[in-house]
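Working notes, beginning with the structure itself.
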Amino acid sequence: MTRQIDLRAGQPLPSATGIHVCRYEGRTAIITGAGSGIGKAIAEQLHDEGATVIANDLHMETLAQLSGARIHPVAADIADPGTAELLVATAVKKGSGRIDALFNNAGISVIGAAETFAEDDWNRVMDVNLNSAFRLAIAVGRIMIGQGGGAILNTASVAGIFGIPRSVAYVVSKHGVIGLTRALAVEWGQYGIRVNALCPGFTATGMNTQLREDHPKRWSGREAGSPLGRAGLPEEQAATALFLNSDEASYTTGQIAVVDGGQHSLYSGYAVPFR
Numbered sequence: 000m001t002r003q004i005d006l007r008a009g010q011p012l013p014s015a016t017g018i019h020v021c022r023y024e025g026r027t028a029i030i031t032g033a034g035s036g037i038g039k040a041i042a043e044q045l046h047d048e049g050a051t052v053i054a055n056d057l058h059m060e061t062l063a064q065l066s067g068a069r070i071h072p073v074a075a076d077i078a079d080p081g082t083a084e085l086l087v088a089t090a091v092k093k094g095s096g097r098i099d100a101l102f103n104n105a106g107i108s109v110i111g112a113a114e115t116f117a118e119d120d121w122n123r124v125m126d127v128n129l130n131s132a133f134r135l136a137i138a139v140g141r142i143m144i145g146q147g148g149g150a151i152l153n154t155a156s157v158a159g160i161f162g163i164p165r166s167v168a169y170v171v172s173k174h175g176v177i178g179l180t181r182a183l184a185v186e187w188g189q190y191g192i193r194v195n196a197l198c199p200g201f202t203a204t205g206m207n208t209q210l211r212e213d214h215p216k217r218w219s220g221r222e223a224g225s226p227l228g229r230a231g232l233p234e235e236q237a238a239t240a241l242f243l244n245s246d247e248a249s250y251t252t253g254q255i256a257v258v259d260g261g262q263h264s265l266y267s268g269y270a271v272p273f274r
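First residue of the sequence shown? That's 0 in numbering that gives the first Met the number 0, and the numbers climb one at a time after it.
Encoded structure:
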């Protein structure tokens, strides 16, 4: 069932129309970071639209929150080099022998001053955010080349376009994800493979909701900095992600879709007017 969003309450609602969107009917998709936030929303919307979903996250307890006969959870550390082949093998077995869509969504952040940032933390962020996206894209890309095409969506961030204080590893890793997206798009277009990136702005996910609880004034300030006056919802990010990996975006590749409520369009020297 297609989900609708109550923007005032910030919650998904069941479709009032009962219309089923079946862009992914009979297709197989892999989604990493599927246990919460944007990844969970993508996995659920994929299932709603008919896909067989290979859902990966670190812990089975978080994946257990996903429900659906065509959702197949795979608990594994995406930073482990062997996880990419595990996900590909599972997708080929559980699906139709094809992999139609990949959503490279897993991501972590470690906060700290650049001058004291630990190398172990740097390596962990790079392994999860960038190296795993490369490995999985290559493993899936080989399948897609053989089958004559497919679509890949890498979750980057507005941090892949701008700088953010005390987030050096996260910022660099997300810039790398955008570079990976563009490089693969221009190289694999000849095989019918499209590669795009999603750059979420301030979104009400687990990485951010603790801010609302611990620092409500800072949360309100972040919301006030958006022309739309609120944080985005995971379901809104997922809607763009599913569009980009669907046939509706068949002539779209190498693009960086910024979904941030218009915040990047606002010159930082000015406040949002009329608040």
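Even for Gly, the Cβ is constructed at its ideal location relative to N, Cα and C.
Check: Does DSSP put residue 57 in a helix, a strand or coil?
Finding: Note: residue 57 maps to coil in three-state DSSP.
Item checked: Counted within 10 angstroms of its Cβ, other Cβ atoms place residue 55 as buried (16 or more) or exposed -> With a threshold of 16 other beta carbon atoms within 10 Å, residue 55 meets it and is buried.
Next item on the list: Just the C-alpha distance for residue 183 and residue 21, rounded to the nearest angstrom, thanks.
Entry: Going from the Cα of residue 183 to the Cα of residue 21 covers about 27 angstroms.
Margin query: Using 8 angstroms for Cβ pairs, my map puts residue 70 next to residue 100. What's the rounded Cβ distance?
Written below: Here residue 70 is actually not in contact with residue 100; their C-beta atoms are around 14 angstroms apart, not less than 8 angstroms.
Check: In chain order, what residues of the same chain have a beta carbon less than 6 angstroms from the beta carbon of residue 142, not counting five sequence neighbours either side?
Finding: Hits under 6 angstroms: 98.
Notebook entry, point to check: Taking the runs of the alpha helix (DSSP H) that are 4 residues or longer, which of them lie wholly in the stretch 56-87?
Noted result: Those alpha helix (DSSP H) runs which fall completely within the stretch 56-87 and span 4+ residues are 59-62.
Next item on the list: Label residue 217 either buried or exposed according to how many other C-beta atoms from any shown protein chain fall within 10 Å of its C-beta, with 16 as the threshold for buried.
Entry: Result: exposed.
Next item on the list: Could you check the C-alpha separation between residue 58 and residue 103 for me, to the nearest Å?
Entry: In a straight line, the C-alpha of residue 58 is about 17 angstroms away from that of residue 103.
Checklist line | Span of the alpha helix (DSSP H), counted from its first residue to its last, around residue 124 | finding: Element bounds for residue 124: 118-125.
Check: Buried or exposed: residue 37, going by 16 or more other Cβ atoms within 10 Å of its Cβ?
Finding: Flag for residue 37 reads buried.
Check: If you pair each beta-carbon of the stretch 170-181 with each one of the stretch 193-200, do three or more pairs fall below 8 angstroms?
Finding: Yes, the stretch 170-181 touches the stretch 193-200.
Check: Beta-carbon separation of residue 27 and residue 53 under 9 angstroms?
Finding: Yes.
Check: With residue 227 and residue 261 assumed to form a contact (beta carbons below 8 angstroms), what rounded beta-carbon distance in angstroms separates them?
Finding: Confirmed, about 6 angstroms.
Item checked: Contact the stretch 80-94 vs the stretch 135-150: 3+ CB pairs below 8 angstroms -> Yes, the stretch 80-94 touches the stretch 135-150.
Notebook entry, point to check: Given a threshold of 16 other Cβ atoms within 10 Å of its Cβ, counted over all protein chains shown, does residue 156 qualify as buried or as exposed?
Noted result: It is buried - the Cβ of residue 156 has at least 16 other Cβ atoms within 10 Å.
Note to self: With H, G and I counted as helix, E and B as strand and the rest as coil, what does DSSP make of residue 98?
What the structure shows: Residue 98: coil per DSSP, three-state reduction.
Checklist line | Same chain, Cβ closer than 6 angstroms to residue 34, five either side skipped, listed in chain order | finding: Excluding sequence neighbours, residue 34 sits near 56, 61 and 62.
Next item on the list: Round the Cβ separation of residue 96 and residue 51 to the nearest angstrom and send it over; I've been treating them as touching at under 8 angstroms.
Entry: So it is not a contact: roughly 11 angstroms between Cβ atoms.
Check: For residue 236, which of 219, 32, 40 and 170 has the nearest alpha-carbon?
Finding: In terms of Cα proximity to residue 236, the closest of 219, 32, 40 and 170 is 40.
Item checked: Coarse secondary structure for residue 273, derived from DSSP in three states -> Residue placement at residue 273 is flagged as unreliable, the pLDDT there being 48, under the threshold of 50; the coordinate-derived value follows with that caveat. The answer is coil: DSSP assigns residue 273 none of H, G, I, E or B.
Checklist line | Beta-bridge pairing of residue 166 - partner residues as DSSP gives them | finding: The beta-bridge partner set that DSSP reports for residue 166 consists of 111.
Check: Between the C-alpha atoms of residue 203 and residue 238, what's the straight-line distance to the nearest angstrom?
Finding: If I take the Cα positions, the gap works out to 15 angstroms.
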